[in-house]
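Everything below concerns the one structure shown next.
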Amino acid sequence: MRTAPPVITFTPEPPPACGAKALAEVQNMVRACMQCGTCSGSCPNAFAMDLTPRQMWRMLLFGLAHEVLHSRTFWLCSACYSCTLRCPRGLPLTSAMAALKRLAAAEPDFASHRKALFYEEFMHNVEKRGRVRETELMLHYFAGMRDPLLPLKYTPLGLKLLRKGKLHLGGAPGAGRVSGLGPLFAKVRSMEAGT
Ligand code: SF4
Ligand code: SF4
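Below, the structure written as structure tokens:
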């Protein structure tokens, strides 16, 4: 006797806070993706991503916006442009990653706020100092999170880094203000915004 095939049910996803139009703009950037995987194979940060870039484009085109916007993949994009240069379809993948960061930052949930704030503070620190000054970054992050207990959660990690000489309380050599990066960051922001 033949058994009945399993019933597959889909749970409706909550609509993204950014709205359907903004989402469609990102979907259009990757609509011609042929799933070759070159972007995933080229990405130096793919090992730490929860979705590979190739998977993420597919899910985006399937309309799985909630899962995509709550992944950490695009937050880990360091805009090296390897995928964009190698994509056989010539798709603007680095711009799509940047667009997803903007859309995810609009999500109202706590996890999205936390990731967006950390990313913003990290980039601000690099723009200001020319490299990451860990103590300053974390102080700004803690202040933005407004959770008085949060520093306690990071204390074990901080002590571990301090013991290994990876944390510089007084600022690492070369971590002073770098005045020349402002225009560069402004240019990248304008490119990412498509202006
Ligand atoms: S390299 Fe381009 S075509 Fe290939 S999977 Fe990535 S986005 Fe799609
Ligand atoms: S631009 Fe971003 S997603 Fe593309 S290869 Fe570089 S780090 Fe990976």
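Note that the sequence shown ends on residue 187 in the working numbering; no numbers are left out. Every residue gets a Cβ at the ideal spot worked out from N, C-alpha and C, and that includes glycine.
Cβ neighbours of residue i in the same chain (closer than 8 Å, five flanking residues each side left out)
i      : result
Pro6   : His58
Met137 : Arg106, Leu109
Phe177 : Met115, Glu119
Arg78  : Thr30, Cys31, Ser34
Ala38  : Ser32, Thr44, Pro45
Chain-order list of residues whose beta-carbon lies under 6 Å from that of residue i (same chain, five-residue window excluded)
i      : result
Ala108 : Ala97
Met41  : Thr65, Leu68
Buried/exposed call for residue i, threshold 16 Cβ in 10 Å
i      : result
Ser70  : exposed
Arg181 : exposed
Met48  : buried
Arg125 : buried
Lys93  : buried
Ala103 : exposed
Ala91  : buried
Leu151 : exposed
Leu52  : buried
Arg155 : exposed
From the options, residue whose alpha carbon lies closest to that of residue i
i      : options                       : result
Met89  : Ser34, Lys120, Pro45          : Pro45
Ser34  : Lys156, Pro175, Gly174, Thr76 : Thr76
Leu144 : Lys156, Leu131, Lys179        : Leu131
Phe54  : Cys25, Thr30, Gly29, Gly82    : Cys25
Leu83  : Leu142, Thr30, Phe114, Asp101 : Thr30
Glu99  : Leu85, Met115, Pro8, Thr127   : Pro8
Gly174 : Arg78, Leu43, Arg155, Asn117  : Asn117
Glu17  : Asp101, Leu85, Pro140         : Leu85
Arg123 : His160, Leu151, Arg81         : His160
Val60  : Pro140, Leu15, Lys158         : Leu15
Val22  : Arg81, Tyr73, Leu95, Tyr146   : Arg81
Cys10  : Asp101, Tyr146, Cys72         : Asp101
Cys28  : Thr127, Asn20, Gln19, Arg50   : Arg50
Any chain D beta carbon closer than 9 Å to residue i
i     : result
Glu17 : The structure shown contains no chain D; it holds only a single protein chain.
Beta-carbon proximity list for residue i, same chain, < 7 Å, skipping 5 on both sides
i      : result
Leu142 : Phe134
Glu113 : Leu129, His132, Tyr133, Gly136
Jot down the residue ranges of each uninterrupted beta strand (DSSP E) in the region 98 to 136, minimum 3 residues, whole runs only, in chain order. Listed in chain order, there is nothing to give.
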